[in-house]
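Here is the structure we will look at, set down as structure tokens.
Residue numbers (the working numbering), protein chains in the order written: chain A, 87 to 336; chain B, 214 to 414.
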């Protein structure tokens, strides 16, 4: 289980590999490829089971490990009697290099622990000591008028936005009205001995697209609240609406 | 202005107003002396503030000088300010920063290769924090960007210059690596490993 807690901690495939080697108390210059490959693959499987997508870099190293493992099985004596290079050499070199910078990172972290005790002022605002403490507006009459017009225009736009915002609120009220209207129509169904309402009957004549939207939302809302049932046989077809206690099947 | 004490006095005032560390060259120009002489004066100030056990210290970073607070006064400063919890650098950021610091100038692909994983986003974060910066282009294929550390990096780690980086001692590294474990004859683990080894062959 200690595994799972560490899942997100690994910064990359080397980080994981170094951890496994360290945990197995293995000599980095004499990695037992078979053991480590098995553990590494187990680990990746575990990551996948916990829905942590192992990045492609983890897979690349997995492939490298398997490749080395395979080459370890081959005889390494050449025809002339000399030995070929140990298949692990390249990986070991890279791991040692990685460990070197991991150590350096730890040293930096340590250094920061001391450094953070000393505080330094941020760059001061030197404007108040410079020759012109006030910023004068040097403007031609034309550009001044232009700036003023822009200001008026922005204000008008702002007011327009305010109006639109109010408009949105009005629509929200009409959703509540729509819900109560549909509720009444449903209650009226039984008296009229009718079984269902059609969606088109719910639309008010002059409401336009906003009314369509609000009506649909009202129906969906009520359906999810369980106050009605709705059915649509075909795409874009008529939506039929039943009281919740009415079996939808005819 | 040739009197050393006058120059040092001027530098103190300048450092106080400037806030950020002030470049020795800029300060030298202001009082009309050479850069080397200015650095001399600044370094005397460094020693004087230290000898006086002042609550302010003069710190040199990358040829720039500025006031910092004395480290043992941090708690008192905190008492009158709202302490901000410092967001520490992540392990990924530290690793990447270490590679850039010790190997600079270095390309993104060299960093990726050492870490075994893409470092684009980590580097971006370090650039935003102004700890590393773009240092022009390498002549390699594709002319990739080179990265190096900034003056702010030196301040962040309280280093006078890059020569003060903690040394990467090869022997120490070898020791650390070996302490991963020489096979320990007694442990069951080792027995299992040895069994596995024979399968390997």
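Backbone N, C-alpha and C fix where the C-beta goes; we use that ideal spot for every residue, glycine too.
Next on the checklist: According to DSSP, is residue 100 of chain A part of a helix, a strand, or is it coil?
Outcome noted: helix
Item to check | Within chain A, the residues that residue 299 of chain B reaches when beta carbons sit closer than 8 Å | outcome: 202
Next on the checklist: Tell me which residues share the same chain as residue 184 of chain A and place their Cβ nearer than 6 Å to its Cβ, disregarding the 5 neighbours each side in the sequence.
Outcome noted: 100
Next on the checklist: With a threshold of 8 Å between beta-carbons, can residue 269 of chain B be considered close to chain A, or not?
Outcome noted: no
Next on the checklist: Taking 8 Å as the threshold (beta carbon to beta carbon), is residue 359 of chain B in contact with chain A?
Outcome noted: no
Checklist entry - Expressed to the nearest angstrom, what Euclidean distance is found between the alpha-carbon atoms of residue 293 of chain B and residue 201 of chain A? => result 20 Å
Checklist entry - Which residues of chain A have a Cβ atom closer than 7 Å to the Cβ of residue 247 of chain B, listed in chain order? => result What residue 247 of chain B touches in chain A: nothing, since even the nearest Cβ is about 25 Å away.
Checklist entry - Whose C-beta lies closer than 7 Å to the C-beta of residue 182 of chain A among residues of the same chain, with five residues either side of it excluded? => result 114
Next on the checklist: Quick check: the Cα distance between residue 298 of chain B and residue 198 of chain A, rounded to an integer number of angstroms?
Outcome noted: 14 Å
Checklist entry - Taking Cβ-Cβ distances shorter than 7 Å, what residues in chain B pair up with residue 127 of chain A? => result Ordered by position in chain B, no residue passes the 7 Å Cβ test against residue 127 of chain A, which lies about 14 Å from the chain.
Next on the checklist: Quick check: what's the CA-CA separation for residue 336 of chain B versus residue 105 of chain A?
Outcome noted: 24 Å
Checklist entry - Does the count of Cβ pairs from the region 349-358 of chain B and the region 295-315 of chain B closer than 8 Å reach three? => result no
Checklist entry - Beta carbon of residue 223 of chain B, beta carbon of residue 244 of chain B: below 8 Å? => result yes
Checklist entry - By DSSP, does residue 397 of chain B sit in helix, in strand, or in coil? => result Bear in mind that a pLDDT of 43 at residue 397 of chain B, under 50, signals an unreliable position, so the number given afterwards is only what the model happens to contain. Coil at residue 397 of chain B, not helix or strand.
Item to check | N-terminal and C-terminal residue of the alpha helix (DSSP H) that residue 182 of chain A is part of | outcome: 175-201
Checklist entry - With distances taken between CB atoms, is the gap from residue 240 of chain B to residue 227 of chain B smaller than 8 Å? => result yes
Checklist entry - Do you know whose CA, among B/231, B/217, B/220 and B/219, lies nearest residue 214 of chain A's CA? => result B/231
Checklist entry - If residue 290 of chain B sits next to residue 98 of chain A, beta carbons under 8 Å apart, how far is it from one beta carbon to the other, in whole angstroms? => result At roughly 38 Å, the Cβ-Cβ gap does not stay under 8 Å, so residue 290 of chain B and residue 98 of chain A are not in contact.
Item to check | Where residue 354 of chain B sits in the DSSP three-state scheme | outcome: coil
Item to check | Assigned exposure category for residue 371 of chain B - 16 Cβ within 10 Å defines buried | outcome: buried
Next on the checklist: Let's test the definition: count the other Cβ atoms within 10 Å of the Cβ of residue 255 of chain B and tell me whether it reaches 16, buried, or not, exposed.
Outcome noted: buried
Next on the checklist: Is there a Cβ of chain A sitting closer than 8 Å to that of residue 258 of chain B, yes or no?
Outcome noted: no
Item to check | residue 311 of chain A versus A/279, A/269 and A/297, residue with shortest Cα-Cα distance | outcome: A/269
Checklist entry - Quick one: what's got a C-beta closer than 6 Å to residue 343 of chain B's C-beta in the same chain, skipping five residues either side? => result 363 and 365
Checklist entry - Between the region 169-194 of chain A and chain B, which residues of the former have CB atoms less than 7 Å from a CB of the latter, in chain order? => result 182, 183, 184, 185, 186, 187, 188, 189, 190, 191, 193 and 194
Checklist entry - If you run the structure through DSSP and keep just helix, strand and coil, what is residue 318 of chain A? => result strand
Checklist entry - So residue 203 of chain A packs on residue 368 of chain B, CB below 8 Å; how close in whole Å? => result About 13 Å separates the two Cβ atoms, so there is no contact after all.
Checklist entry - Shorter than 8 Å from the beta carbon of residue 292 of chain B to some beta carbon of chain A? => result no
Item to check | Anticipated Cβ contact below 8 Å, residue 312 of chain B with residue 187 of chain A, distance rounded | outcome: 5 Å
Checklist entry - If you measure from the beta carbon of residue 237 of chain B to each beta carbon in chain A, is any gap under 8 Å? => result no
Next on the checklist: Are there any heavy atoms of the ligand NAP lying less than 7 Å away from the beta-carbon of residue 134 of chain A, as far as the coordinates show?
Outcome noted: The ligand NAP is not part of the structure shown, which contains no ligands of any sort.
Checklist entry - So which residues on chain A does residue 379 of chain B lean against when the C-beta distance must stay under 8 Å? => result 190, 193, 194, 196 and 197
Item to check | Backbone CA spacing between residue 206 of chain A and residue 245 of chain A [nearest angstrom] | outcome: 46 Å
Next on the checklist: For residue 134 of chain A and residue 281 of chain B, I'd like the C-alpha separation in whole angstroms.
Outcome noted: 49 Å
Item to check | Top-ranked residue by Cα proximity to residue 286 of chain B, from B/277, B/268 and B/303 | outcome: B/268
Item to check | Minimum Cβ-Cβ distance from residue 270 of chain A to chain B less than 8 Å | outcome: no
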